[in-house]
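Numbering (my numbering), first residue to last: 239 to 870.
As structure tokens, then:
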């Protein structure tokens, strides 16, 4: 009898366990089904090929963030996506808290994201959404603490329901065509506000007067603190009306009339010139923003150092990084004092501008009061690394000394916020100089108008060979310093290769592999683009990345290996070598150097092709690759 009872109990336990497993599996399948339905509503969704039916979204689906097996975030920025967003599918993801679709090509009126009442973060910047937002749009979204709709074509008045978002911490609506007055929003938690470059009018609500001028500039009809006083605000020490001056006795009525008309004509001329200047400036900004979006068509990030017309406006680094007041008491640890010492308080007071948004984090240029210009990188996907491990890694980085390595100056650690501070390089990244500066030469920091040909001359064959040699030497140093790492660099690509004033290559974003959260490594680190990375990681993955960079420099083409679009430089080089037509793929900008340096160019091209072989065993080691490059 007792044995029978035990059997029954075991049977029931098995049934319950099986039921639990089936329920969990079904929950995952439903979440996957909803995401696949969302994907099917998108155009150009081939980039989401990791979203495989029958697998769990939490086991490596690109852009999907989970907690305890539940989908909590969808982050698909800069992926050239478009189409009609399936809100019903997203609504069935009960745990969804953050949605980031920024830097894509979605258009039309703003979808009904307000049906996703549990959202805490809604980021839709740099798309093509247009039309008005209903006044009650945010009424059911009381959980929101971040709203970013910058750089779209939205119009109409700001939704009145913004006043209901009492927990809002970041609100970015800049770069649109909003009109009307600013509603008196609850600002007691608001840390970051951007309403600039719209068509807003009226007095700025006093609750928002503590934000900087940069939060409101570009709205010609706005007034009040921190902008200038409104027209109806009179100085109490000045009489409201002052008597008109008497006409001099010698002035006839005809002379007075001529004088008045002259003044009116001068005023009209000044107004017309101002309108022309503003229109020209806005047109240039739109053209350059369009160039930035075109670059997004051919890569996941585009060149990090592209100065975006609106998003790169000067502002406080505190606002840019959403640092709270209590952070001023935190620690900024100096690991390299060659540029002097400074604290977090100095950094928080610095003027800052956005440089770009890469896979390992957002980058900002900050100019401190002592004149020192630095890059502040806000690291992401490193939440799992402990403070001790992070301290050890940063301290080790600070000891590195090599002319082709960017040694950090300082860092700041919190579990939810990690900053890495390095010296600013005025010429930007190799990717920027190769693919953007030639198109828009006047955008470079030191360029003069009409410098297009000079910029081509700067990137002649000797200069490109110098850059590649510098890259190889820096990579060799890292492979020596971090010889025990599977990926001594791990993220080598042209956007992470900075250039000094003399075009010396300086490597950045290196040795992050042990710090990055493991599930995110394939999306974050470029070395995972090597063909064998799915089953084996080794220093040869860095060699593959070096080969891609060499081919990119020689061809002048943005590689598809960095993401979507672009040119498959590896396959193009391989087929050209087989057909003995290597000369045809050399960058036309190097035509002047071909007659005298053809053999050396082709030699380097063959090295790049060998380094990017699909079979890692057929690639040279980093030592062999450096030796070959030095012999070119």
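All C-beta atoms in this analysis are idealised placements derived from N, C-alpha and C, irrespective of residue type, glycine included.
On the three-state DSSP scale, how would you describe residue i?
{"i": "residue 849", "result": "helix"}
{"i": "residue 407", "result": "coil"}
{"i": "residue 773", "result": "coil"}
{"i": "residue 622", "result": "coil"}
{"i": "residue 807", "result": "helix"}
{"i": "residue 715", "result": "helix"}
{"i": "residue 269", "result": "helix"}
{"i": "residue 397", "result": "coil"}
{"i": "residue 726", "result": "coil"}
{"i": "residue 859", "result": "coil"}
{"i": "residue 617", "result": "strand"}
{"i": "residue 377", "result": "coil"}
{"i": "residue 674", "result": "coil"}
{"i": "residue 497", "result": "helix"}
{"i": "residue 733", "result": "helix"}
{"i": "residue 452", "result": "helix"}
{"i": "residue 281", "result": "strand"}
{"i": "residue 416", "result": "strand"}
{"i": "residue 392", "result": "strand"}
{"i": "residue 828", "result": "helix"}
{"i": "residue 797", "result": "strand"}
{"i": "residue 819", "result": "coil"}
{"i": "residue 511", "result": "helix"}
{"i": "residue 842", "result": "helix"}
Assign residue i to buried or exposed, taking buried as 16 or more other Cβ atoms, counted over all protein chains shown, within 10 Å of its Cβ.
{"i": "residue 817", "result": "exposed"}
{"i": "residue 651", "result": "buried"}
{"i": "residue 833", "result": "exposed"}
{"i": "residue 315", "result": "buried"}
{"i": "residue 740", "result": "exposed"}
{"i": "residue 598", "result": "buried"}
{"i": "residue 451", "result": "exposed"}
{"i": "residue 512", "result": "exposed"}
{"i": "residue 790", "result": "buried"}
{"i": "residue 332", "result": "exposed"}
{"i": "residue 662", "result": "buried"}
{"i": "residue 590", "result": "buried"}
{"i": "residue 478", "result": "Reliability fails at residue 478, whose pLDDT of 40 lies under 50, so the model's placement of it is uncertain and no value is given."}
{"i": "residue 755", "result": "exposed"}
{"i": "residue 831", "result": "buried"}
Find the nearest neighbour of residue i within the set the options, judged by alpha-carbon distance.
{"i": "residue 582", "options": "644, 376, 659, 439", "result": "659"}
{"i": "residue 860", "options": "778, 338, 814", "result": "778"}
{"i": "residue 804", "options": "505, 786, 747, 314", "result": "786"}
{"i": "residue 639", "options": "574, 293, 412, 355", "result": "574"}
{"i": "residue 577", "options": "369, 827, 648", "result": "648"}
{"i": "residue 848", "options": "821, 812, 868", "result": "812"}
{"i": "residue 876", "options": "761, 427, 824, 823", "result": "For the chain, the structure presents residues 239 to 870; residue 876 sits outside this window and is missing."}
{"i": "residue 841", "options": "870, 827, 819", "result": "870"}
{"i": "residue 373", "options": "387, 389, 394", "result": "394"}
{"i": "residue 277", "options": "507, 306, 325", "result": "325"}
{"i": "residue 289", "options": "430, 312, 514", "result": "312"}
{"i": "residue 366", "options": "349, 355, 380", "result": "349"}
{"i": "residue 418", "options": "408, 403, 699, 436", "result": "436"}
{"i": "residue 362", "options": "355, 344, 378", "result": "344"}
{"i": "residue 850", "options": "630, 620, 673, 780", "result": "780"}
{"i": "residue 354", "options": "371, 340, 336", "result": "336"}
{"i": "residue 819", "options": "358, 843, 799", "result": "843"}
{"i": "residue 766", "options": "656, 605, 726, 323", "result": "726"}
{"i": "residue 359", "options": "379, 369, 370", "result": "379"}
If you follow the alpha helix (DSSP H) that residue i is in, where does it begin and where does it stop?
{"i": "residue 580", "result": "It is not in any alpha helix (DSSP H) - residue 580 carries neither H nor E in the DSSP assignment."}
{"i": "residue 785", "result": "778 to 793"}
So the beta strand (DSSP E) residue i belongs to, where does it begin and stop?
{"i": "residue 660", "result": "655 to 661"}
{"i": "residue 425", "result": "It is not in any beta strand (DSSP E) - residue 425 carries neither H nor E in the DSSP assignment."}
{"i": "residue 602", "result": "599 to 605"}
{"i": "residue 460", "result": "459 to 461"}
{"i": "residue 385", "result": "384 to 386"}
{"i": "residue 445", "result": "That residue, residue 445, is in no beta strand (DSSP E); it is neither H nor E in DSSP."}
{"i": "residue 592", "result": "589 to 596"}
{"i": "residue 370", "result": "366 to 370"}
{"i": "residue 431", "result": "430 to 432"}
Could you tell me whether the Cβ of residue i comes closer than 9 Å to any Cβ of chain D?
{"i": "residue 398", "result": "Protein chain content of the structure displayed is limited to a single chain, and chain D is not contained in it."}
Measuring from the CB of residue i, is there a heavy atom of the ligand HEM at a distance below 8 Å?
{"i": "residue 297", "result": "Questions concerning the ligand HEM fall outside what the structure shown contains, since it holds no ligand whatsoever."}
Exercise for the section: Write down every uninterrupted run of the beta strand (DSSP E) in the segment 294 to 363 whose length is 3 residues or greater and which is fully enclosed by it, in chain order. Expected result: 302 to 305, 308 to 313, 336 to 338, 359 to 361
Handout entry: Ordered list of beta strand (DSSP E) runs contained in the segment 735 to 767, each at least 3 residues
Key = 735 to 737, 743 to 745
Handout entry: Ranges of the beta strand (DSSP E) found wholly within the segment 629 to 658, counting only runs of at least 3
Key = 648 to 652
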